[in-house]
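To start, the structure itself, in structure tokens.
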Amino acid sequence: MTKEKLIRGNIVHLTGDPSVLGAQALQTYEDGGLLIRDGHVVAAGEAKTLMASPEAQAADLIDHRGCYIVPGFIDTHVHYPQVDIIASYGAQLLQWLERYTFPAEIKFADPQHATRVAEFVLDQMFRNGTTTAMMFATVHPASVDAVFEAASRCNMRLITGKVMMDRNCPPELMDTAEQSYEDSQALLDKWHGKQRLHYAVTPRFAPTSSEQQLALAGRLYAENKGVYVQSHVAENHAEVSWVAELFPWSRSYLDVYDHYGLLGDRSVYAHCIHLDSTDLERMHETQTVAAFCPTSNLFLGSGLFDLSAAREYGVRTGMATDVGGGTSFNMLQTASEAYKVTQLGGNTVTALQLLYEITLGGAHALSLQDHIGNFEPGKEADFVVLDPHATGLLGRRIDHADTIEEKLFALIMLADDRVTRATYVMGNSVYSSDT
Ligand code: GUN
Ligand code: ZN
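All residue numbers for the sequence shown refer to this note's numbering, where the first residue is -1 and numbers rise by one.
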């Protein structure tokens, strides 16, 4: 048993979905505290009340007054091996993969390179307040070991897996259906359920997998309880047409995955831009999750994800950076771009909804809501300390705002990594702007 910690600051978290509960979903304690024992939340409440409680008497007091304390952010789709090609000029998806992405991923044949990059990326996530991610590695099994080991060292919650890719890619990145099945099973047996780590069966996208490989991916998903599936669907028009050529029998791109048993309540598909109503109904029926990747969708010119259609059809959603197609590791910036995308569709998402999507909503998207996403007693103490006066402009705007909703909205629109004062995983500091 470790010593209790009492974190003092402006506690802000959501107890449920604001689209259902309205403003009642928000719980705040302006002079508040978070009492933590053994990496878990004991209570969130008024600082005065908590400080008077018997549990808090011997606690270490950590003073973050003047800052917001919010649950750690959840990135539901990101590629750690693509950090070195973030912000690469002038291509849409299929050319971008060939010109920049595949060459970068070939370098992960070297396990030392993989370890160095994995550590750099986790550090980037922490300095942006992200404490949980669903992440692509590369086709190399050692790239999965490297990032699981890095996450394991800081006890981070991470979902990742080996890319399965047996056609339409450079030979250095090509596996075979059988080998990818065996390698995935071995990695899954080694890592899934260890500490806070989970395995995701990871067929890159339909064009780079044979039918046999997709069938084996479906088998891995069916045969291993609690594992996830992560992939891409309906991101780009040329990609959608290519899938129709490669799988002429399919009704749609999504239907290819459906055919091989790759939809389900632990399946997360990035993009989901060019889907029709039958696809959306099928996503709802199977409880498949759509990862909304606004910075990537804009940067690669892929299109505008329709969040309100997803809502209307009852499709589960998460928010994601999709680095290196995406241009920022910061989930507040990602939420800000999501807001602008929905504005283009004639809809307006509230600050509470945006905060929900990157915290408790993300936890629901990854079926991790019993562990993370808010400060309910018993949850894991992953949280981020945000300084609303980190920049002159943000401080000025926040001081000019009257309500907490207005302040949170300005924070989301104007934030970058300078706003992160500190990040904690299981109650332990993994990043501080002071050091
Ligand atoms: N589709 C297949 N692979 C990728 C990838 O690495 N990034 C994005 N954005 N889309 C993909
Ligand atoms: Zn992606």
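Built from N, CA and C at the ideal position, the CB exists for glycine as well. Computed from a predicted model, the values in this text were never measured in an experiment.
Closest by C-alpha distance to residue i, when choosing among the options
i, options, result
"Glu44", "Ile9, Asn234, His362 and Lys105", "Ile9"
"Glu221", "Thr206, Gln193, Leu186 and Leu32", "Leu186"
"Tyr197", "His398, Asp415 and Leu364", "Leu364"
"Pro16", "Gly359, Phe407 and Lys160", "Gly359"
"Thr284", "Val227, His272 and Tyr337", "Val227"
"Lys223", "Ser207, His235 and Gly191", "Gly191"
"Gln110", "Gln122, Ala140, Met123 and Ala102", "Ala140"
"Asp58", "Asp73, Ile5 and Ile104", "Ile5"
"Ile356", "Leu391, Gly323 and Thr319", "Thr319"
"Thr286", "Phe106, Tyr267, Leu298 and Glu96", "Tyr267"
"Gly376", "Asp385, Val18, Gly31 and Val40", "Val40"
"Gly31", "Leu95, Gly299 and Val383", "Val383"
Beta-carbon proximity check, residue i vs residue j, cutoff 8 Å
i, j, result
"Pro69", "Asp368", "no"
"Tyr78", "Val115", "yes"
"Ala21", "Leu409", "no"
"Phe71", "Gly14", "no"
"Tyr354", "Ala23", "yes"
"Leu302", "Leu342", "yes"
"Lys160", "Ala135", "yes"
"Leu156", "Ala215", "no"
"Asp73", "Ala131", "yes"
"Glu335", "Pro292", "yes"
"His230", "His272", "no"
"Gln90", "Asn234", "yes"
Residues that DSSP places opposite residue i in a beta bridge
i, result
"Asp158", "Residue identity differs from the one stated: residue 158 is Thr in this sequence, not Asp. In DSSP, Thr158 forms a bridge with Met133 and Tyr197."
"Glu44", "Gly30"
"Pro139", "Looking at the DSSP assignment, Pro139 forms no beta bridge with any residue, so it has no partner."
"Ile271", "Ile271 is not bridged to any residue."
"Phe71", "Thr128"
"Gly7", "Gly30"
"Asp58", "Lys3"
"Ala413", "DSSP lists no partner for Ala413."
Near the ligand PLP: residue i beta-carbon under 7 Å from a heavy atom
i, result
"His77", "Among the ligands modelled here, namely the ligand GUN and the ligand ZN, the ligand PLP does not occur."
Cut-off 6 Å between Cβ atoms - residues of its own chain near residue i, not counting five sequence neighbours on either side
i, result
"Asp253", "none"
"Tyr422", "Phe381"
"Thr315", "Ala288, Phe290 and Ala308"
"Leu120", "Ala148"
"Ser430", "Ala420"
Own chain, CB closer than 7 Å to residue i, minus 5 neighbours either side, in chain order
i, result
"Gly425", "Lys3, Ile34, Gly37 and Ala379"
"Val321", "Val76, His77, Gln80, Val81, Ile84 and Phe327"
"Gln211", "Met162, Asp164, Ala175, Ser178 and Pro201"
"Ala54", "Glu2, Leu4, Leu33 and Leu48"
Residues of its chain near residue i, where Cβ-Cβ distance is below 8 Å and the 5 sequence neighbours each way are ignored
i, result
"Phe100", "Cys167, Pro168 and Leu171"
"Ala102", "Pro79, Gln80, Asp82, Ile83 and Gly322"
Quick one: complete beta strand (DSSP E) runs, 3+ long, within the segment 303 to 338? 314 to 317
Give the list of continuous beta strand (DSSP E) stretches no shorter than 3 residues that lie fully inside the segment 210 to 297. 226 to 231, 265 to 269 and 287 to 290
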